[in-house]
Each structure stands twice: as C-alpha cells, then as structure tokens.
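First the structure, in the form of structure tokens, and then the observations on it.
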Amino acid sequence: MPGSLNIKDGADANVTAPAEITALVEHVTIPVFGMTCAACQSFLQRELAGQAGVRDATVNLMLHNATVTFDPDATSTSALVDAIRSTGYGAEFPAEHQSALEEQEQHDEAQLMEYRQLRLKAVTSLIAGGVAMLLSMPLMTPLMTIGGTGGLERMKDPLMSWSTRVIDPLLRSVLPWMYRMDAEVIRWFLFALATFILGWAGRRFYIKAWSALLHRTADMNTLVALGTGAAYLYSAASTIAPGFFVARGIAPDVYFEAAILIIGLVLTGSALESRAKGQTASALRKLVQLQPKTATVLRDGIESSVPLESIQSGDIVLVRPGERLPTDGEVISGRSSVDESMLTGESLPIEKTARDRVMGGTLNQRGSLQYRATSLGAASTLAQIVRLLREAQGSRAPIQRIADRISAIFVPTVLAIAIVTFAAWQLFAPHSGVMQAFAAAVTVLVIACPCAMGLAVPTAVMVATGRGANYGILIKGGEALQRLEKIDTIVLDKTGTVTAGRPEVTDFFLAASGNDVAGTQSGSTAEDHVLLATAALERASEHPLADAIVQYAAARGLNPPHAEEFESLPGLGVVGVVDREAVLIGNTALMEKYGVFVEPMVSTSERMSVEGKTPLWIAIEGRLAAVLAVADTIKSSSFDAVRKMHDEGLRVVMLTGDNERTALAIAQRVGIDEVIAGVLPAGKVDAIKGLQAEHRVVAMVGDGVNDAPALAQADVGLTMASGADIAMEAGDITLMRSDLTGVAAAIILSRATMRVMRQNLFWAFVYNVIGIPVAAGALYPAFGLLLSPVIASAAMALSSFSVVTNSLRLRRLRLE
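The opening position of the sequence shown corresponds to residue 1 in the UniProt record's numbering, with each subsequent residue numbered one higher.
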C-alpha cells in the first residue's frame, strides 16, 4: 500500500525498558586553606568521606580544594564547609556564576601571593639564621668536643666539626671583637632574635600544630613545631636560668641558631615548592591568558570596544589581523586563517569563511572576520577546556592510595620514633649526655617529610594533563592516565576517525526496476526521481553519509521535498515516506529486513566495496530502485598515526558498521592489523567485550553517538572533539585534533607519567626510610656519623622540592 512501511519481521516497537531509580547526587568543589602535607590531605579526606550523605570525597593538596559528591537530601554545601572548618582548616563557599577562567585567575593570584609571602619570610629567616650562627660561634667553641671543660658535654656532628675547623679560625681573624663580647649579651640577643623569627615567620607552624592537636591529629606542622619549639624552649631556659643546668652537669647551651635556621630552611623548601607548583599549572595559566579582556562589536552599525563580559549572544564581533577572538561564534562575512594550535594542537592555521565555526582565544592571522557570538562565558570552548583541565588536575590516580595509607600513620609513627630515639640514647649511650639524645630526637622530627609523599602523584598528574592540553589532548584525570598506561589494544572507529568523515557520492546506478518506480512525475527522469526521494529522506538524517547525498543532489540542481515518518535504524539505515512513497536507504541487512530483492545488483555493490567505497541500497515501495557509492577519504595522518601505535607495541583493530570489503580496503591502506566490520552499536560493545575476554586492555577511539556505548565499555575511551557531545562525555580522553596522532601521544604521555609517579613515590619513601634512621643515630656506632638538626631540615626542605622538580620534567616530554 502506498505510503506504508512493511516491517517484515513484525518486531514489536513498544518495548518498555525496566525503570531504574537512580539517587540524585550533586558535585561541589570547595576551596580549602591551611593544608601543608599529605597528612593534612589524608585526614581531611577521611573526615569528609565520613560525613552523612557523602558518596565520595577527593582532597587535592596541589589545588587546595576538596571535590565532594553528595546526596542533597542528606547534606548540603554549607554543612560540608562547616565540616571542613570544624577540622581546623579554612574553607569558603564556591563562588556562584563564576567561570572556570575566573576561578583559575583567582587561584593563580592566591598562589603568587603565597609564594611572595613565603619567599619574604624564608629570606628573612635565613639571614637571621646566618647572623645567629655567627654569633653562636663564640658560645660553641669552648664546648665543641665530648668530655670538654668541666665535664660539660656537647654533641659532635658534621656541621659543628666543619664550623670548628673552617668557620671558627676565619671568624677569629676577621671579627676578633665578637669573641670578646659578653656571652650573656649574645645569649639574650639570640633569644630576642629567635623569638621574633619563630613568632613571625614560624607562627604558621605553631598555630596549625595546635589546631591539629585540638582535633586529635598530627601533620608536618606538628613535627616542625615540636622540633623547633623544643630547641627554642631549651635554649630560652638555658638563657634565663643557666645555673639550673650547670648544677646538674648539663651544658647550658643554646640552640637558637638551629631553631631559626630550621624555620628558614623549611620555609625555603615551601617557597621553592610553591614556585614549582605554580609551574605545574603553567598550561592552565596560558589558557586563561588566551582570552582577551575586550572585544570590538558592531551594534546599530556603530563599532565599539566593550568588556568581554558585556558581549551578548547574537552580537556581531569584528576581528582584525593579529587579534585574538574574544568568544565563540559563527563567521558571517570575511575570510582569514586562524591559528587554533593553542586549543587543538593543530600546527597549521585553519581557513575560515562564512558559516565556519570559530573559537574564543584563537589567533586571527590575516584577513578580517565578522562573526556572530554564540557560546559565551562558561559555555565557551576555552572555558570548557579550562574546566575539564582543572577537574583533571584535581582528580586522583589510584596509585595515590599507597601514599594515602602511609600518610595516615606517618606523623604518629615519626613522633613515636623520636621518643624511642631519645630513650635509646639515654639507655645505651648515657655518656653522650642528655643533649645528644635531645638533638637526635629533634633531628628525627625535622628530617621526616610527609610532604614528598603527598606531592608525588598530584604533581605528576598536574604536569601531565597540562602537557597533554598543550598538545590538544584533554585527559579527564589521574585514573584515566593510569589505565591508559596498560593499554595493549587500540580499537578505531572508521568514519570520522580513520577517515575524514566528509564522504562524497562517487557512483549512482539505477536498478532495472528503478525505471518503473511508482510516482515518477512527468518531466523528470527516473534517476532524478530516485535521487530526489533519497535526498529528501537523508536530509532528515544526521549521519555523515547523509550530507554527502544531499550535497550530490544539490549539485544536480534538485530541490528535495519534505520527508515524513522518518526513522533512523542504527546500523541499518533510514526509512520514511516521501510524496506518499515508502523509501528505504541502507545496507543489505536493511533490505533483507524489509524483503527487498537486491540480487541483480549484488556484483555492482561488491565491486564498490572492493574499491573501498560504501554501497547504499535504495528501495521505493518495496522494490530496489538504485545503488549508490559513497567514499570517505582517509585522513593524511592516519598511516603515520597507526605506525606510531605499532611502535608502542599496540594491536590496532578497526571496528565499523560498514561492510567488510570496504573496511578491509581502508585498513590495508593505513596498516591496521584487524577489522571487525558490519556491526551494530550493540555489536561494537560485544566486540570490545570479546577483546577484553582475551585479557586485552582495550582503548576505543570514536567520534559518533553510536560509539558512546563502546567508549564506555572500553577500559579507556578516546573521543574526537569534533564528535557528538554524548561521545565526549562517554570518553576518558578528548582529542582536540581532528586526527589520530593524539592517540599514540596520549599513550606515550601516560607511560612517562606513570614512570615519574613511581619514581616520586620511590624516592619519597626511600628518603624517609633512610633519613629517619640516620637522623636517629643508626650510623653513629659504626661510623661516628650524626646529623645536625640544621642539615636534617635542609634535607627535608629539598625532598618535596625534588619531587615537584622531577614531575616538571614531563613538560619537556616529546610526544611526536
């Protein structure tokens, strides 16, 4: 019957899927202040995770924030902020109506201010420490050796030995007057200087240590506060009441210089760390700087310069040569080349003419453009990239759990070791005196560094995601990076991935029955009639092949009518009604489904397939009308990209809904190992599962809606930015470039990043495993080697800095 679609297999379209009740959850990122080490991060994360209604909590030491997933019926953002504040850390409510670009600008300003404050306090403390050390030389000299004058004893360590041999004789010749000064005057001056430095520069350590104590926890501040506080209090007591110590056979020495230098060195390490952490976010900073502050708009025929926030959707924006585009839009007039490398990694400028899409932050090179503003503020491409990158850098890699478990018990363990160290020296080496036991315990406290463990993984994630963004690879976070390292099989979609996704009609053959199709209008050829019906139906489709057919009809001067009852059948084709005629367009499976006889033109279809073209059957009113061929050009970069994947030891599979012959022809031209063709979207998922059943770790690369289920099933999903939004959401990694070069680059980056993470964790653990026993005096019985608390604090300061510096090497990683 004309105008009807005969569904031969009688499939029931009214199938109701089982309802799933999914609890509503919300996500919020809360700025947090006061965290200084892995112990802080671990403690706060446990506290947030334990709050009612919280599904997941991630605290990031690098970004100073907490990302929480929670049930809004059980808790709220204000309750979460209060929970953070109750632990002793500062927190503020997330800013409303603020784009990721504005958030990053504020974060950068705060980090710069923190670095400047730390630098000022560090430099002042080191200068004060140097003065204190010089003034302490006359006080040290009489008591430098164990068993010295009057039976008073003093610890001998490498720093003091060097000072005695080198510094003391030099000072005696250059500053003889200093050795004639009254010892009491020097002690009181050092007391005043230490009080000022510890109260001003070191104040943060004591406040945070006290807050931690009130909340029954401990962190790096606890160790520094105990070490420097003990040295200061002992020295203050020796200054105020020296007779009390002398009467008990204990040297009334002062360690003001050690307390000051420890504070100075720890602050120096924090300043260097802060500066290095700022460098890890350089990619984000560069992205933020891409956006101009003003724009030239055309309103009522008048050009005017307006602030960026004043641009409204639909405004006409004017861009001259050498200017950056202020926001996203669609070109309405002009012609120019635009450098998009800062967002997509594409090395060559892109030609832009009317109806082309442009992105804010890109650089107009030559020619002028007028375009209509579309996506503004947080919806712009640049803002979304910054948001994705910020979220990625705030995420956690699973390997971080190792550091978290150790950090949870690290500081209490160090405190226990310090107590045991003091007791061991008193018990097994009583002749060394109380001060040696005291100094060894202080050295244990100041050499321990939980910071290095806390920074080992987050710094690598930050630098790696930034390096990827510079290359046009947006990685959703540390988990995706870690999973990508283990990939051994890459599955590639064909259309829009291996090929350009811009197919063209190359052949059109009318079937014998096509000359007698119903409804052929007077004055039109049978070929035009079939093509009109085909173009009318395909005009309603979003498939890449559909546009090629519509363009082919337009080139022949045909104006297709409106199609009715249009339906897209994924993996098969499209069906609908045109001018009261039932029209089918699709593959052989679609023809079989509707009982269309195609045997007369099978040989023609097979020849098209062998040539790497995609044949499409066209049936009108249940009879074969024509077969046409659509060819999609292979991207010029696909061959080199596949070769690089092979260089990385990867098995490359092409997965497509196209027929096998077409797929094989394309696969052979680009060097793909294996082809799985003719599969429906569900079949793509099954194909991924089949590879995983072979114990393969699979990455899927695609760009279409039909790829979304397979992207989600794969161990890692990589999507093309030009693809559908749903596909981008399903993927773990977004490739801003329109080719496959980013796939091998992403794997190279992930493997290098995981190496750096393991190196960081290894050296952070080894540093503490070796440093703490040496500080306690493990080498003293055999080698007579002891560490000064000052040397220990310098080592502690450098440990976390070295971890950040090692991660920064990823910025120079070659991805090509």
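Quick reminder that beta carbons are idealized off the backbone N, C-alpha and C, glycines included.
Hey, quick one: how far does the beta strand (DSSP E) through residue 255 stretch, first residue to last?
Unbroken run through residue 255: none, as it is neither H nor E.
Quick one: residues in its chain with C-beta nearer than 6 Å to the C-beta of residue 750, no 5 flanking neighbours on either side, listed in chain order? 481, 484, 485
Handout entry: Inter-residue CB distance, residue 452 and residue 800 (contact presumed, cutoff 8 Å)
Key = Rounded to the nearest angstrom, the Cβ distance from residue 452 to residue 800 is 5 Å, consistent with a contact under 8 Å.
Check your understanding: What span of residues does the beta strand (DSSP E) with residue 352 cover, start to end?
Key -> 350–352
- Under a Cβ-count criterion, where at least 16 other Cβ atoms within 10 Å of its own Cβ denotes burial, should residue 723 be classed as buried or exposed? Residue placement at residue 723 is flagged as unreliable, the pLDDT there being 45, under the threshold of 50; a coordinate-derived value is accordingly withheld.
Problem - Assigned secondary structure, residue 803 (DSSP; H/G/I helix, E/B strand, else coil) - result: helix
Local conformation of residue 464 per DSSP, three classes:
helix
- Query: Should residue 373 be labelled buried (16 or more other beta-carbon atoms within 10 Å of its own) or exposed?
  - Reply: buried
Point to revise | alpha helix (DSSP H) runs contained entirely in the region 573–630, provided each spans 4 or more residues | key: 588–593, 602–610
Check your understanding: Counting Cβ pairs, one atom from each stretch, are 3 or more of them under 8 Å apart for the region 605–622 and the region 465–478?
Key -> Output reads no: the region 465–478 does not touch the region 605–622.
How big is the Cα-Cα spacing for residue 612 and residue 470? 35 Å
**Report entry** residue 371 versus residue 333 - alpha carbon distance
**Finding:** 7 Å
- Burial state of residue 199, where buried means 16 or more other Cβ atoms lie within 10 Å: exposed
* Asked: What number of angstroms, rounded off, separates the C-alpha of residue 366 from the C-alpha of residue 692?
  -> 50 Å
**Q.** Close beta carbons around residue 598, own chain, < 7 Å, minus the five adjacent residues each side
**A.** 588, 591, 617, 624
Under DSSP, the alpha helix (DSSP H) around residue 669 begins and ends at which residues? Taken as a continuous stretch (DSSP letters only), the alpha helix (DSSP H) holding residue 669 covers 660–670.
**Report entry** Cα-Cα separation between residue 108 and residue 276, rounded to whole angstroms
**Finding:** 13 Å
If you drop the 5 nearest sequence neighbours on each side, which residues of the same chain put their C-beta closer than 6 Å to that of residue 752?
-> 813
When you compare each of 715, 710, 300, 703 to residue 721 by their alpha carbons, which one comes out closest?
703
Pop quiz: residue 828 and residue 648 are said to be a contact at Cβ under 8 Å. What is the actual Cβ separation, rounded to whole angstroms? Because the chain spans 1 through 816 in this model, residue 828 falls outside it and cannot be assessed.
Coil, strand or helix - residue 56 by DSSP
strand
ask   = Roughly how many angstroms separate the alpha carbons of residue 261 and residue 192, rounded to a whole number?
value = 15 Å
Once the 5 residues before and after residue 523 are set aside, which same chain residues still bring their CB inside 7 Å of it?
Confidence in residue 523 is poor, its pLDDT being 43 and thus under 50, which makes the residue's placement too unreliable to answer from.
Quiz item: Cα-Cα, which of 502, 595, 707, 741 is closest to residue 632?
Solution: Taking each of 502, 595, 707, 741 in turn and checking the Cα distance to residue 632, the smallest one comes out for 502.
message: For residue 241, would you say it is in contact with chain C, using Cβ-to-Cβ distances shorter than 8 Å as the test?
response: Of the chains in the structure shown, none is chain C; there is only one protein chain.
**Message:** With a threshold of 6 Å on Cβ separation, who are the neighbours of residue 713 within its own chain once the five nearest residues in sequence on each side are excluded?
**Reply:** 685, 688
What three-state label does DSSP hand residue 647 in the structure shown?
helix
Q) With DSSP run on the structure shown, which of helix, strand or coil describes residue 399? A) Residue 399 carries a coil assignment under DSSP once its states are collapsed to helix, strand and coil.
My output table needs one value for residue 89: the three-state DSSP class, helix, strand or coil. DSSP places residue 89 in coil when its eight states are reduced to three.
* Return the CA-CA distance between residue 292 and residue 361, expressed in angstroms with no decimal places. => If I take the Cα positions, the gap works out to 7 Å.
Using C-beta distances below 7 Å, list every residue in its chain close to residue 37, excluding the 5 sequence neighbours before and after it, in chain order. 219, 220, 450, 451, 454
How about residue 638 and residue 711: do their beta carbons lie closer than 8 Å? no
- Collapsed DSSP secondary structure at residue 474 in the structure displayed: strand
Distance, Cα to Cα, residue 773 vs residue 424? 12 Å
Cα separation between residue 309 and residue 326?
10 Å
Item to complete: Could you spell out the range, first to last residue, of the alpha helix (DSSP H) harbouring residue 688?
Response: 681–693
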